[in-house]
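Enquirer: Residue numbers (this note's numbering), protein chains in the order written: chain D, 273 to 663; chain W, 273 to 663.
The following block contains the structure, expressed as structure tokens.
There are 2 protein chains.
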Amino acid sequence: MSNSNGYMKFSNRALDIEPFRVVEVLTRAKELARQGRDIIHLSVGEPDFPTATPILEAGIRALSEGATGYSEVGGIPELRNALSKFYAGEYGIDVAPERILITPGASGGLLLICALLLNPEDTMLVTDPGYPCNRSFMRLIEAKAQLVPVTSQDNFQLTPELVAKYWQESTVGAMVASPSNPTGTTLKKNQLIAISQQVKKLGGQLIVDEIYHGLGFKKYIPSVLEIDSDVFVVNSFSKYFGMTGWRLGWVVAPEGAVKEMEKLAQHLFISSSTPAQYAALACFDEKTRFILDERKEVFRNRRDFLLSALSSLGFSVPCLPEGALYIYSDASKFTEDSDFFCMDLLERQGVAVTPGTDFGLIGAKQHVRFAYTADVEQLSFAVDRIATIVT
Amino acid sequence: MSNSNGYMKFSNRALDIEPFRVVEVLTRAKELARQGRDIIHLSVGEPDFPTATPILEAGIRALSEGATGYSEVGGIPELRNALSKFYAGEYGIDVAPERILITPGASGGLLLICALLLNPEDTMLVTDPGYPCNRSFMRLIEAKAQLVPVTSQDNFQLTPELVAKYWQESTVGAMVASPSNPTGTTLKKNQLIAISQQVKKLGGQLIVDEIYHGLGFKKYIPSVLEIDSDVFVVNSFSKYFGMTGWRLGWVVAPEGAVKEMEKLAQHLFISSSTPAQYAALACFDEKTRFILDERKEVFRNRRDFLLSALSSLGFSVPCLPEGALYIYSDASKFTEDSDFFCMDLLERQGVAVTPGTDFGLIGAKQHVRFAYTADVEQLSFAVDRIATIVT
Numbered sequence: 273m274s275n276s277n278g279y280m281k282f283s284n285r286a287l288d289i290e291p292f293r294v295v296e297v298l299t300r301a302k303e304l305a306r307q308g309r310d311i312i313h314l315s316v317g318e319p320d321f322p323t324a325t326p327i328l329e330a331g332i333r334a335l336s337e338g339a340t341g342y343s344e345v346g347g348i349p350e351l352r353n354a355l356s357k358f359y360a361g362e363y364g365i366d367v368a369p370e371r372i373l374i375t376p377g378a379s380g381g382l383l384l385i386c387a388l389l390l391n392p393e394d395t396m397l398v399t400d401p402g403y404p405c406n407r408s409f410m411r412l413i414e415a416k417a418q419l420v421p422v423t424s425q426d427n428f429q430l431t432p433e434l435v436a437k438y439w440q441e442s443t444v445g446a447m448v449a450s451p452s453n454p455t456g457t458t459l460k461k462n463q464l465i466a467i468s469q470q471v472k473k474l475g476g477q478l479i480v481d482e483i484y485h486g487l488g489f490k491k492y493i494p495s496v497l498e499i500d501s502d503v504f505v506v507n508s509f510s511k512y513f514g515m516t517g518w519r520l521g522w523v524v525a526p527e528g529a530v531k532e533m534e535k536l537a538q539h540l541f542i543s544s545s546t547p548a549q550y551a552a553l554a555c556f557d558e559k560t561r562f563i564l565d566e567r568k569e570v571f572r573n574r575r576d577f578l579l580s581a582l583s584s585l586g587f588s589v590p591c592l593p594e595g596a597l598y599i600y601s602d603a604s605k606f607t608e609d610s611d612f613f614c615m616d617l618l619e620r621q622g623v624a625v626t627p628g629t630d631f632g633l634i635g636a637k638q639h640v641r642f643a644y645t646a647d648v649e650q651l652s653f654a655v656d657r658i659a660t661i662v663t
Numbered sequence: 273m274s275n276s277n278g279y280m281k282f283s284n285r286a287l288d289i290e291p292f293r294v295v296e297v298l299t300r301a302k303e304l305a306r307q308g309r310d311i312i313h314l315s316v317g318e319p320d321f322p323t324a325t326p327i328l329e330a331g332i333r334a335l336s337e338g339a340t341g342y343s344e345v346g347g348i349p350e351l352r353n354a355l356s357k358f359y360a361g362e363y364g365i366d367v368a369p370e371r372i373l374i375t376p377g378a379s380g381g382l383l384l385i386c387a388l389l390l391n392p393e394d395t396m397l398v399t400d401p402g403y404p405c406n407r408s409f410m411r412l413i414e415a416k417a418q419l420v421p422v423t424s425q426d427n428f429q430l431t432p433e434l435v436a437k438y439w440q441e442s443t444v445g446a447m448v449a450s451p452s453n454p455t456g457t458t459l460k461k462n463q464l465i466a467i468s469q470q471v472k473k474l475g476g477q478l479i480v481d482e483i484y485h486g487l488g489f490k491k492y493i494p495s496v497l498e499i500d501s502d503v504f505v506v507n508s509f510s511k512y513f514g515m516t517g518w519r520l521g522w523v524v525a526p527e528g529a530v531k532e533m534e535k536l537a538q539h540l541f542i543s544s545s546t547p548a549q550y551a552a553l554a555c556f557d558e559k560t561r562f563i564l565d566e567r568k569e570v571f572r573n574r575r576d577f578l579l580s581a582l583s584s585l586g587f588s589v590p591c592l593p594e595g596a597l598y599i600y601s602d603a604s605k606f607t608e609d610s611d612f613f614c615m616d617l618l619e620r621q622g623v624a625v626t627p628g629t630d631f632g633l634i635g636a637k638q639h640v641r642f643a644y645t646a647d648v649e650q651l652s653f654a655v656d657r658i659a660t661i662v663t
């Protein structure tokens, strides 16, 4: 059974994997902008700041010095060491550089982990709502994401009870994200411990997406590495470090998995971007951190503004988004068709936001994700425009 | 059934995918170099020139201007247009920019094509010897590369007869490379036509690896795009354009496949490196092309030198390597165990080369791949050292 467009057969996986709604929104938003419309972009999960100057300068220096060849498959030793020091300084934990693999974006890390752990027909628990690409990476290799409905009662996160309830013969592990995309909620230390123990008890593997960890607005958000060294952690230079277009991430793997992952990375990537890695070395300079932490405060301020404004309009946000770049709101007061709602908002008012249908099935048609990737003035204009169609 | 290291289960695919021998050679070569040994590196397929200055300068300019965000999933329009013009100028053919997808290295392109075309258990014909990662990409998604033994009689390339002979119920296509890694042989226009017609007759899809096309030493090496617009072509900025560590490649796809490939790329990559794409725009400047073409002549000269020297020593190279960076030699006069031969050559004489076992099964233990990625003086030293262990 294959999809066909008349002369060419596509794989079933190509048929199964759905387009990103956010890209459809973005494409239309760009069309409208070209027509001269004033569009406010609150759709894509990309900080609206350029890469910080010290990182740019390090990148320029690397290019001037000709750092343009392939690099070690697990990353340049300097960057693995810098991340090891980062974990020591930031979290007070000891993560050996050898356990840290540099990857082509967090995307590369997710592919490696799925390829390493999942046989065909194996399943992995993921939250609904959750990051859509997790499902696609599993589908790619003929395994399957099992969507676990999570609710505001559980802060939109997995619990040990949910893990046990949805665990099947075919389940090999569970994936959580803290802070989460799209809800921005986080897991407390005792929650991480409980989930980790539950997954271990069931003989599975825990994977934690900490891509938005640097953009956490609570005083303390624990890394799972503080409580468990047998987990896989996916992280990225894209969000807090502001290097989206450079395509650079990392994985912290259990010691026994590193060699196998490096072997897979040889075949799948050869190496990660070398100039990007040398640029990323500047991420850990004091000057850079100051810039990044200041930006984090800007994001926190935007969250506070937008959360309050959306609530006033009647959007419901039952759990405080404690990190990331998003407010995932229940828009059921206004729509039962979030795809239409988002396209209508874009067409009529020029505000680009993402329908819940990107993130799962449960309540997806009543939810909308707002990314606060514009300054407060723009957010304020956006709120005024949204008001015209919901009031 | 899973591989296990005591506490963790790995997938069968992780077990099946073999390590690159070339990386093992490289790792040991680096160890020896750190110990103060003088090593001549003829193993990895990476030009020993830094990225050309105009490309570096374009990269630096892009960074200075803050081109650091995500870019369009199929690549920045400027680069797709530049490649379209490149095909018109270089090959006299019309390839619409929309058919050209920028990818994270040729690796990204190979993953996309495999994901698009192959269901589990489907097979794809590939040459033995051939590029090892092709097999791994197919294994990744639970499909299978079917190795077709090719011989010097057929210039180490597929023929319509071989395609017919090895075609099975499960076969969905055939993959060829011109110039080929590891043999450097190319396909003539009439051969491309014959293979294309045969694959079409059998209802399959032809994929052509043209990664080394810019490093062809014949006056005319045809692109398959001159004779067929229904094929997938994989290409790269790594080899001729000298941008290995930037991780940038492209695919030319049949018109009807582009939308599906872009959808897959959204999930798997989000985007290719943005700074790399802006840097790559300078690849097509007259000044850059002059530098690159000069380097090509250097490679041709090295090939001539090394081919003659190796032949004098008793290595047999039945087909002239017409492009790429390699001489794939029959070393059966000296060894029946190329893995041992290569490690021995490295340990005793400090010359790093790649055993045939990386490239397939047929004759692999009697073959050795020499990459001419060092200047003629170094190559001459290498030949002297090789002579000490084979004479």
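Ideal Cβ placement from N, Cα and C applies to all residues, glycine included.
Can you name the start and end residues of the alpha helix (DSSP H) that Ala446/W belongs to?
Expert: It is not in any alpha helix (DSSP H) - Ala446/W instead sits in the beta strand (DSSP E) that spans Thr443 to Ala449.
Enquirer: Note down the Cα distance separating Arg439/W from Ala525/W, rounded to an integer number of angstroms.
Expert: According to the sequence displayed, residue 439/W carries Trp and not Arg. C-alpha separation (whole angstroms): 23 Å.
Enquirer: Could you list which residues in chain D have their beta carbon closer than 7 Å to that of Thr546/W, in chain order?
Expert: Correct list: Gly517.
Enquirer: Excluding the 5 residues flanking Val295/D on each side, which residues of the same chain have their C-beta closer than 8 Å to its C-beta?
Expert: Taken in chain order, the list of residues that qualify is empty.
Enquirer: Which term fits Ala436/W, buried or exposed, when burial requires 16 or more other beta carbons within 10 angstroms of its beta carbon?
Expert: exposed
Enquirer: Got a sec? Which residues, its chain only, sit under 8 Å from Ser408/W by beta carbon, not counting five neighbours each side?
Expert: Ile289
Enquirer: Using a Cβ cut-off of 7 Å (strictly closer), state whether Ala334/D contacts chain W.
Expert: no
Enquirer: Taking contact to mean 3 or more Cβ pairs, one atom from each stretch, closer than 8 Å, check whether the stretch 417 to 433 of chain W and the stretch 552 to 566 of chain W are in contact.
Expert: no
Enquirer: Under 9 Å, CB to CB, which of the residues in the stretch 350 to 370 of chain D have a partner in chain W?
Expert: none
Enquirer: Do you know how far the Cα of Thr443/W is from the Cα of Arg641/W?
Expert: Roughly 29 Å between the two C-alpha positions.
Enquirer: For the beta strand (DSSP E) containing Thr399/D, name the first residue and the last one.
Expert: Where Thr399/D is concerned, the enclosing beta strand (DSSP E) starts and stops at Thr395 to Asp400.
Enquirer: Between the Cα of Phe606/W and the Cα atoms of Leu553/W, Met615/W, Phe577/W and Ile661/W, which residue gives the shortest distance?
Expert: Ile661/W
Enquirer: Could you tell me the boundaries of the beta strand (DSSP E) in which Ala305/W lies?
Expert: Note, Ala305/W: premise wrong, no beta strand (DSSP E); alpha helix (DSSP H) at Arg293 to Arg306.
Enquirer: What residue from Glu414/W, Tyr342/W, Asn507/W and Ser452/W has the CA that sits closest to Thr423/W's CA?
Expert: Ser452/W
Enquirer: So within the stretch 567 to 617 of chain W, which uninterrupted beta strand (DSSP E) runs reach at least 3 residues, ignoring any that extend past its ends?
Expert: 598 to 602
Enquirer: Kindly indicate if chain W contains any beta-carbon less than 7 Å away from that of Glu532/D.
Expert: Answer yes: the Cβ-Cβ gap between Glu532/D and chain W drops below 7 Å somewhere.
Enquirer: Going by DSSP, what residue range makes up the alpha helix (DSSP H) through Asn406/D?
Expert: Counting along the chain, the alpha helix (DSSP H) containing Asn406/D begins and ends at Pro404 to Leu412.
Enquirer: Counting only Cβ pairs nearer than 8 Å, list the residues of chain D close to Tyr342/W.
Expert: The answer, in chain order, is Val316, Glu318, Thr516 and Gly517.
Enquirer: Measure the alpha-carbon distance for Phe613/D versus Ser315/D and round it to whole angstroms.
Expert: Rounded to whole angstroms, Phe613/D to Ser315/D spans 13 Å at the Cα level.
Enquirer: Are Lys637/W and Glu608/W touching if we call contact CB-CB under 7 Å?
Expert: yes
Enquirer: Helix, strand or coil for Arg519/W per DSSP?
Expert: coil
Enquirer: Between the C-alpha atoms of Thr663/W and Ile542/D, what's the straight-line distance to the nearest angstrom?
Expert: Their Cα atoms are separated by approximately 36 Å.
Enquirer: DSSP state of Met273/D, grouped into three classes?
Expert: Note on Met273/D: pLDDT 34, under 50, position unreliable in the model; the coordinate value appears next. Coil at Met273/D, not helix or strand.
Enquirer: Pick helix, strand or coil for Gln429/D, following the three-state DSSP scheme.
Expert: coil
Enquirer: If you drop the 5 nearest sequence neighbours on each side, which residues of the same chain put their C-beta closer than 6 Å to that of Leu582/D?
Expert: Ser601
Enquirer: What does Lys473/W reach in chain D if we use C-beta pairs closer than 9 Å?
Expert: Going along chain D, no residue has its Cβ under 9 Å from Lys473/W, so there is no contact; the nearest lies around 14 Å.
Enquirer: Could you tell me the distance, in whole angstroms, from the CA atom of Ser610/D to the CA atom of Tyr644/D?
Expert: 18 Å
Enquirer: Let me make sure I understand the geometry here. Which of Thr399/D, Cys405/D, Leu328/D and Ser343/D has the alpha-carbon closest to that of Met447/D?
Expert: Thr399/D
Enquirer: Measuring CA to CA, which of Gly456/W, Ile479/W, Val503/W and Ile467/W is closest to His485/W?
Expert: Gly456/W
Enquirer: Based on the DSSP output, what are the partners of Val420/W in its beta bridges?
Expert: Thr399/W.
Enquirer: How far does the beta strand (DSSP E) with Val505/W in it reach, from first residue to last?
Expert: Phe504 to Ser508
Enquirer: Shorter than 7 Å from the beta carbon of Leu553/W to some beta carbon of chain C?
Expert: The chain inventory of the structure shown lacks chain C, comprising the protein chains D and W.
Enquirer: Residues in the stretch 560 to 588 of chain W with C-beta within 9 Å of chain D's C-beta atoms, listed in sequence order?
Expert: none
Enquirer: Give a yes or no on whether 7 Å exceeds the smallest Cβ distance from Glu527/W to chain D.
Expert: no
Enquirer: Select from Lys416/W, Phe513/W and Leu459/W the residue whose C-alpha is nearest the C-alpha of Tyr492/W.
Expert: Leu459/W
Enquirer: On the criterion of 16 or more Cβ atoms from any shown chain inside 10 Å, does Gln307/W qualify as buried, or is it exposed?
Expert: exposed
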